[in-house]
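Student: Those letters in the sequence shown? Residues 54 to 220, per the numbering used here, in order.
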Amino acid sequence: MNELVEKPQADLRPQYKQFSANVDKVASTAKDIAAARAKMGTQQKEFFAKWDEQLAQIKNEDIKARSQSRKDEVNEKLLNIKRSYVDAEQAFKPFMADLRDVQKFLSVDLTTGGVTAIKDTAAKATTHAAPLKVSIGKLADDFKALGVSMSSVTPAPAAPATPEPAK
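(1) Within a Cβ cutoff of 6 Å, which residues of the same chain sit near F158, ignoring the five residues on either side of it in sequence?
(2) Spatial neighbours of E142 within its chain, please: C-beta separation below 8 Å, excluding the five flanking residues on both sides.
(3) Taking contact to mean at least 3 C-beta pairs separated by less than 8 Å, is the stretch 193 to 202 in contact with the stretch 164 to 184?
(4) Specify whether the stretch 114 to 128 and the stretch 145 to 157 touch according to this definition: at least 3 beta carbon pairs, one from each stretch, less than 8 Å apart.
(5) With DSSP as the reference, label T164 as helix, strand or coil.
(6) Inspect the beta-carbon positions of L131 and L199 and report whether they are closer than 8 Å.
(7) To the nearest angstrom, report how far apart V155 and P184 are at their CA atoms.
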């Protein structure tokens with residue numbers, strides 16, 4: 054969109070076609086996020102049901118308490134991911150609305166005047182992209198934290214800092 058609005062070519066049609074394809078990809082990503090959140094909810098229920106079954110079979114109270122504590126910790130990480138999914142979905146809405154409006158506007162007025170007239174809305178869409186990037190980044194970070202905490206592979210220890218030579 055920014056290329057089309059800020060650096061329009063003599064023939065606007067190829068840029069508009071690329072912009073429209075990109076809008077469709079962004080819309081697909083938004084749907085994928087919603088579907089992934091729903092799938093995660095189902096898988097979370099199944100996962101914790103199995104955990105509860107195993108927990109019920111543990112006789113040693115100390116081990117049972119540790120397992121329950123660990124389950125609570127994992128559940129909190131999953132709740133953080135759910136919140137991040139919701140935040141990302143909410144951030145997508147104004148961004149997508151602006152993109153779709155620009156797309157519809159230019160579909161009937163793909164002229165230099167039309168591009169000039171839509172610049173403010175395009176700028177607003179770019180502004181709406183910032184919180185979207187933040188929310189998607191947080192979602193990725195939450196998944197990384199969960200992955201590390203649930204990994205069966207022990208992470209490599211951090212390399213020790215190299216001391217600076219004495220002067």
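Cβ atoms here follow ideal geometry from the backbone N, Cα and C, with glycine treated the same way. Note that this is a predicted model, so its numbers are computed, not measured.
Tutor: On the basis of the coordinates in this document:
(1) I171
(2) A83, I86, A87 and R90
(3) no
(4) no
(5) coil
(6) yes
(7) 19 Å
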